[in-house]
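Quick mapping for you: the protein sequence lines, in order, are chains C and F. All residue numbers for the first sequence refer to full-length UniProt numbering, where the first residue is 1 and numbers rise by one. All residue numbers for the second sequence refer to full-length UniProt numbering, where the first residue is 1 and numbers rise by one. All remarks here apply to the structure that follows.
Protein chains: 2
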Amino acid sequence: MVRHYEDFAVGESWTFGTRRVTADEIQDFARKYDPQSMHVDSEAASEGPFEGLIASGWHTAALSTRLLVDGLFEDAAGRGGLGVDDLEWRTPLRPGDELTVDVEVVNTEPFDDDRGQVDLAVRTTTQEDDEVLSMVVKGLFARRNDGH
Amino acid sequence: MVRHYEDFAVGESWTFGTRRVTADEIQDFARKYDPQSMHVDSEAASEGPFEGLIASGWHTAALSTRLLVDGLFEDAAGRGGLGVDDLEWRTPLRPGDELTVDVEVVNTEPFDDDRGQVDLAVRTTTQEDDEVLSMVVKGLFARRNDGH
């Protein structure tokens, strides 16, 4: 069964993971999208204020999204995202960390005739329960009467 | 000269780009981080509600970040990001689009003895001036008295 807008209920929640992150992966992402030394240069990073390599915050968001897609969106009639509120990077993500994502539906409302908006509070933590990301993603999903 | 917290002034603005995006790149990113059919499967996407492949919103954010890093952060004493407010994906990013990023300093305030917070309003547009992303990034930068 494909999950539509009508199948999301406020208060519903899920936990997805885990996903382990490597130094190589952190550096690969950052070389393409965020080549600051704290993300790409292990040696410089170990001398720097974070005392070691840390992931780009956008990499943390991308990894959280992957867990969300595999766990929830894969079988849903997703119609893209409107945006994100209150994104916070509280603790840096480091090589070897293992990510878990907790998701809760915090709001649902009709968007237009074909689509509904579902707001998901996302919280990504490490094996030490350090919070590396929190945000509210505003997604669109097809309504059951959608032609597509 | 390395740009520190004290060197950012509210109202200061820059424009960076352009950066052209390919279908291959859109699919590569999405296969790793956001493997929904609208981002990875050209054929399914052309039959879908967006009538063609569109980039993951996180890819749009990552590409915007790259322009920001190359243009502004490369010579700055960046100390990581606190988070992001009001991220909106208004128009989908599509293969062949060419991105420009407009950035403006909207707030600066001390964070602690070593670091200051700089809020940057970011607006990413295509060659048609369609807005594919807007957000406020809350970054930290070293103060001039920082020991690092």
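We put the beta carbon where it would ideally sit given N, CA and C, even for glycine. Given the structure is predicted, the values throughout are model-derived calculations rather than measurements.
Here's the rule I'm using: 16 or more other beta-carbon atoms within 10 Å means buried, otherwise exposed. How should residue i be labelled?
{"i": "F/T15", "result": "exposed"}
{"i": "C/T22", "result": "exposed"}
{"i": "C/D34", "result": "buried"}
{"i": "F/V10", "result": "exposed"}
{"i": "F/G57", "result": "buried"}
{"i": "F/V40", "result": "buried"}
{"i": "C/V84", "result": "buried"}
{"i": "F/P110", "result": "exposed"}
{"i": "C/A44", "result": "exposed"}
{"i": "F/D97", "result": "buried"}
Determine the closest residue to residue i out of the options, with distance taken between C-alpha atoms.
{"i": "C/L87", "options": "F/M135, F/T60, F/R144", "result": "F/M135"}
{"i": "F/D28", "options": "C/Q27, C/I26, C/K32", "result": "C/K32"}
{"i": "F/V69", "options": "F/V122, F/G11, F/Q127, F/A9", "result": "F/V122"}
{"i": "C/D24", "options": "C/G48, C/H59, C/S13, C/M1", "result": "C/H59"}
{"i": "C/D130", "options": "C/G139, C/I26, C/T91, C/E47", "result": "C/T91"}
{"i": "F/S13", "options": "F/L93, F/A142, F/D102, F/E47", "result": "F/D102"}
{"i": "C/A142", "options": "F/E6, F/F50, F/R94", "result": "F/F50"}
{"i": "C/L140", "options": "F/W89, F/E47, F/L93", "result": "F/W89"}
{"i": "F/A30", "options": "F/S46, F/A55, F/G48", "result": "F/A55"}
{"i": "C/P95", "options": "C/I26, C/G17, C/E6", "result": "C/I26"}
Would you grab the beta carbon distance between residue i and residue j for me? Rounded to a whole angstrom, and I think it's under 8 angstroms.
{"i": "C/L125", "j": "C/T108", "result": "Residue 125 of chain C is actually Thr in this sequence, not Leu. With a Cβ gap of about 25 angstroms, C/T125 and C/T108 do not count as contacting."}
{"i": "F/Q117", "j": "F/L82", "result": "7 angstroms"}
{"i": "C/F8", "j": "C/V137", "result": "Rounded, the Cβ-Cβ distance is 12 angstroms, inconsistent with contact."}
{"i": "F/V2", "j": "F/D75", "result": "6 angstroms"}
Measure the CB-CB distance between residue i and residue j and report whether it falls below 7 angstroms.
{"i": "F/R79", "j": "F/R115", "result": "yes"}
{"i": "C/L120", "j": "C/S64", "result": "no"}
{"i": "residue 183 of chain F", "j": "F/L72", "result": "Only positions 1 to 148 of chain F appear in this structure, which leaves residue 183 of chain F out of reach."}
{"i": "F/L53", "j": "F/S42", "result": "yes"}
{"i": "F/A77", "j": "F/H4", "result": "yes"}
Checklist entry - Along the chain, which unbroken stretches of the beta strand (DSSP E) at least 3 residues long are found entirely within the region 37 to 112 of chain F? => result Taking only runs of at least 3 residues, the beta strand (DSSP E) segments lying wholly in the region 37 to 112 of chain F are 78 to 88, 98 to 110.
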